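Number 594 marks the last residue of the sequence shown (my numbering); no jumps.
Positions of the beta carbon are idealized from the N, C-alpha and C atoms, including for glycine.
Since we're looking at a predicted model, the values are computed, not measured.
What follows is a single structure, written as structure tokens, with notes after it.
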Amino acid sequence: MDKIIELQNVKKKYKEITALDDISFDICQGKILGLFGPSGSGKTSLLKIIGGLSKATKGEVKIFGEDISYKNKEFIAFKSSTFDFEEDFTGNDLIELYGDFYKNFDKDYNERLNEYLDIDTSKFIKNLSKGQRQKLNIALTLSLDAKIYLLDEIIDGLDQVASGKIIDLLIDKIDGKKTMIIASHKIDKIEDLIDDVIFLNRGKIFIKAKAEDLRNKENLSLADFYDRIYLN
Ligand code: ADP
Ligand code: MG
């Protein structure tokens, strides 16, 4: 199978803090990787490096067999855990910006998503709640027709109905070709989507496995397994 994302001995340091240490793994095309671990374990740092938003201090990262470059912009969609847009923009301003900036932004699909997720795009960002910002952010990301989706804290901070709708959208997107890395603390909600899992602990890979193998071996859901390893 084609390896879409390859990491070898990746290290990330922020001054004296080691956020990631000796991370190596591959993801094949069409696979959905669940990236789990407590706050501060390195999930965001890892996603940012793969997305080309941050540089590894050491090690190698290849996307489609090549070093990360501006070209990735066309096939990577990155959903940040934070929402760092201009507060004086409206949702519609942002949508326009995305449309101008990304050639692969599907405006019609975005319109449908906004309706489905009940997003009022005429509102100023500064007047949106955390959950509303999160939904707008997700709708923008999922409207990019990408090959790789990096989704940080995908449904965290959302109510039950919104989370359920986002999961349905992800299920619709999964077509055996699109590759995704999904980080979330709501493991129970997303575990059925996941093919492979990586559990991080203090910047290192603690466990790397196929979700199904882990479930069969441990006779536990991923969420229960997570509780077992991190609560101890
Ligand atoms: P997670 O997403 O799993 O919560 P992060 O990747 O955000 O983890 O953080 C991993 C570690 O790196 C933490 O110790 C965090 O404090 C540190 N860190 C993250 N970003 C920065 C930064 N920009 N400057 C300094 N330290 C950082
Ligand atoms: Mg994070």
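Give the single residue among the options whose Cα lies nearest to the Cα of residue i.
| i | options | result |
| --- | --- | --- |
| Gly399 | Ile544, Asn581, Tyr464, Ala501 | Ile544 |
| Asp589 | Gly565, Lys570, Phe561, Ile567 | Phe561 |
| Arg577 | Gly538, Ile567, Glu553, Lys566 | Glu553 |
| Thr380 | Lys405, Asn489, Gly493 | Lys405 |
| Asp507 | Glu515, Lys548, Asn434, Lys497 | Asn434 |
| Glu368 | Met542, Ile567, Cys390 | Cys390 |
| Lys441 | Ser403, Lys551, Arg495, Gly461 | Arg495 |
| Thr541 | Asn581, Leu504, Asp586 | Leu504 |
| Leu397 | Asp558, Asp482, Asn581 | Asp558 |
| Ile394 | Phe587, Glu574, Glu580 | Glu574 |
| Asp567 | Asp384, Lys365, Asp364, Gln370 | Looking at the sequence provided, one finds Ile at residue 567 rather than Asp. Looking at the Cα atoms, Asp384 is the closest of the given residues. |
| Asn563 | Glu428, Lys548, Tyr592 | Tyr592 |
| Leu555 | Leu584, Leu408, Ile487, Lys424 | Leu584 |
What does DSSP give as the partner residues of residue i in its beta bridges?
| i | result |
| --- | --- |
| Tyr376 | Ile379 |
| Ala439 | Tyr511 |
| Phe467 | Leu506 |
| Leu369 | Phe387, Val423 |
| Asn563 | Lys566 |
| Ala571 | Val559 |
| Thr452 | Phe486 |
What distance in whole Å lies between the Cβ atoms of residue j and residue i, which are believed to be in contact at a cut-off of 8 angstroms?
| i | j | result |
| --- | --- | --- |
| Leu479 | Ala501 | 6 angstroms |
| Ser484 | Gly453 | 7 angstroms |
| Ile510 | Ile517 | With 8 angstroms as the limit, Ile510 and Ile517 do not qualify as a contact, their Cβ atoms being about 19 angstroms apart. |
- Message: Under 8 angstroms, with one C-beta from each stretch per pair, do the stretch 515-534 and the stretch 371-390 reach the 3-pair mark?
- Response: no
- Query: Below 8 angstroms, can you find three or more Cβ-Cβ pairs linking the stretch 456-471 to the stretch 528-536?
  - Reply: no
- 4 or more residues per run - each alpha helix (DSSP H) lying fully within the stretch 386-435: 405-412
- 4-residue-minimum alpha helix (DSSP H) runs that sit fully inside the stretch 475-504, ordered along the chain: 492-504
- Item | Every unbroken alpha helix (DSSP H) inside the stretch 517-561 [4 residues or more] | 522-535, 549-552
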